[in-house]
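Read left to right, the sequence shown gives residues -17 to -1, 1 to 245 (mature numbering (1 follows the signal peptide of the UniProt record, and there is no 0)).
Ideal placement from N, C-alpha and C gives every residue a C-beta, glycine not left out.
Data block below; observations after.
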Amino acid sequence: MRLAAAIVLFCALPAIAGEWRPCPQCPPMVTVPAGTAMMGDDKARFANEKPAVPVTIPRPFALSATETTFDEWQACVAAKACKGGQDDHQWGKGKRPVINVTWDDARAFAAWVGAGSGLTCRLPGEAEWEYAARAGTPTGYWWGEEAGDGRLNCRDCLGAEPPYGSRPARSFPPNPWGLHEMNGNVWEWTGDCWTPDHAKPAAATGSACRDKVIKGGSWYYFSAMSRASARAKNDATVWSYNIGIRVLCELPDGFTPPRPAP
């Protein structure tokens, strides 16, 4: 990475504590620290979440603070780096997460962020995603084992009337590491190939395979699918009103994010 060139681009900062932008047009990011945590859940009702295995994240990385919004996606479309035409199902665009994107569409957006920032940007691996969602906590959700009421957007999370559709980014409080809507709202593409369980490591991020792991649950699914360890698969060529994007950027040695604007 051309670090000197990248530093010049780290100038347009959001006025939100802990967030920074790798380039003026890039989505706001937060820095996820290195560490070790468990992936999966031996108590889960779904066999594909087992066995729980330790994972080590050897170095910090940056992850977009919210799911990629239609506004952020449109900037990539305007730059002719992403394909447009995604249907919003009449829910509205703007700050809502972009939907109806394939895995390749999601990777194109990540590559555009990388090109603008000078960083290596991609979709998170499943282990990286779950580690970030847990944010140092051992429970199904960062706030505990129960979904509760009004904490996330899912079928049984917002009272008697099931939701229909996504909610705008930042509709719910962030986890302890500053990441919004890691639970619910829309599923998020990861870079990993689907595996039936955690008995064997996933194929390397970006490997050729039909089915990719998606994480986070969505407005359409019940809360059990929004737990940090929950996982599902989706054909990489098939888009959905349930699936969106979150971008990971690798950080060079010695990198210190710029101080957010006051």
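Excluding the five sequence neighbours on either side, which residues of its own chain have a C-beta within less than 6 Å of the C-beta of residue i, listed in chain order?
i: residue 55; result: 10
i: residue 205; result: 138, 139
i: residue 86; result: 172, 195, 219
i: residue -7; result: Bear in mind that the predicted position of residue -7 carries a pLDDT of just 37, short of 50, making it too unreliable to give a figure here.
i: residue 221; result: none
So, helix, strand or coil for residue i, using DSSP?
i: residue 15; result: strand
i: residue 59; result: helix
i: residue 3; result: strand
i: residue 22; result: strand
i: residue 301; result: Since the first and last residues shown for the chain are -17 and 245, residue 301 lies out of range.
i: residue 233; result: strand
i: residue 114; result: helix
i: residue 196; result: strand
Apply the 10 Å Cβ neighbour rule to residue i and answer buried if 16 or more other Cβ atoms are within range, or exposed otherwise.
i: residue 38; result: buried
i: residue 62; result: exposed
i: residue 72; result: exposed
i: residue -11; result: The predicted position of residue -11 is uncertain, since its pLDDT is 33 and thus under 50; a value taken from the coordinates is nonetheless stated next. It counts as exposed.
i: residue 49; result: buried
Looking only at its chain, what residues have a beta carbon closer than 7 Å to the beta carbon of residue i, apart from the 5 residues adjacent to it on each side?
i: residue 17; result: 40, 41, 42, 43
Going along the chain, which residues of its own chain have a beta-carbon closer than 8 Å to the beta-carbon of residue i, five neighbours each way excluded?
i: residue 208; result: 137, 200, 201, 215
i: residue 132; result: 140, 141, 142
i: residue 116; result: 125, 158, 162, 165, 166, 198, 199, 211
Rounded to whole angstroms, what is the Cα-Cα separation between residue i and residue j?
i: residue 237; j: residue 107; result: 21 Å
i: residue 91; j: residue 104; result: 10 Å
i: residue 268; j: residue 8; result: Residue 268 lies beyond the residue range present for the chain, which begins at -17 and ends at 245; the question has no answer from this structure.
i: residue 67; j: residue 152; result: 20 Å
i: residue 33; j: residue 111; result: 17 Å
i: residue 96; j: residue 6; result: 8 Å
i: residue 203; j: residue 170; result: 10 Å
i: residue 23; j: residue 213; result: 8 Å
i: residue 122; j: residue 154; result: 22 Å
i: residue 58; j: residue 69; result: 14 Å
i: residue 80; j: residue 21; result: 28 Å
Taking DSSP's pairing of strands, which residues face residue i in a bridge?
i: residue 80; result: 52
i: residue 226; result: 170
i: residue 9; result: In DSSP, residue 9 forms no bridge with anything.
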